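Asks: Got a structure for you, questions after.
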Amino acid sequence: MMQCGTDVTVEGQEFVTEFDSSPWAKRAFCSSCGTHLYARFKQTNSINVPVGLFPEVPELTMSMQYFSDLKPKYYCFSNNTEEMTEAEIMAHFGSGDS
1 MMQCGTDVTV EGQEFVTEFD SSPWAKRAFC SSCGTHLYAR FKQTNSINVP VGLFPEVPEL
61 TMSMQYFSDL KPKYYCFSNN TEEMTEAEIM AHFGSGDS
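Numbering (the numbering used here), first residue to last: 1 to 98.
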């Protein structure tokens, strides 16, 4: 996911469906094709977008691994990043510190 902040414009808003996916976030999908479009954090209104929606982002660097304790053992990233476990994510976002 790519952190985009709150200054985000979504074209084709008539096709966007948001739903409460957790106590701290909403997820949005395209109601026409089903593509996952973004996660919106309720406390801050900040949006994270799947990086795959942007095929060419110059100088993009992965800086954080979420749910690192739940990733399959065969996942191996070449760069060292910060990591957050499931418990750390729930404590952080659930408390409104996002």
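Virtual Cβ for every residue (Gly too), placed ideally from N, Cα, C.
Fair warning: this is a prediction, and the values are worked out from it, not measured in the lab.
What residue does the alpha helix (DSSP H) around GLY94 start on, and which one ends it?
Replies: Its alpha helix (DSSP H) spans residues 86 to 94.
Asks: Roughly how many angstroms separate the alpha carbons of ASN45 and ASP69, rounded to a whole number?
Replies: In a straight line, the C-alpha of ASN45 is about 26 angstroms away from that of ASP69.
Asks: According to DSSP, is ASP69 part of a helix, a strand, or is it coil?
Replies: Here ASP69 sits in helix by DSSP.
Asks: Which class does VAL51 belong to by DSSP, given the choice of helix, strand or coil?
Replies: If DSSP states are grouped into helix, strand and coil, VAL51 belongs with the helices.
Asks: If you count every other CB in all the chains shown that lies within 10 Å of the CB of PHE19, and 16 or more means buried, which is it?
Replies: It is exposed - the Cβ of PHE19 has fewer than 16 other Cβ atoms within 10 Å.
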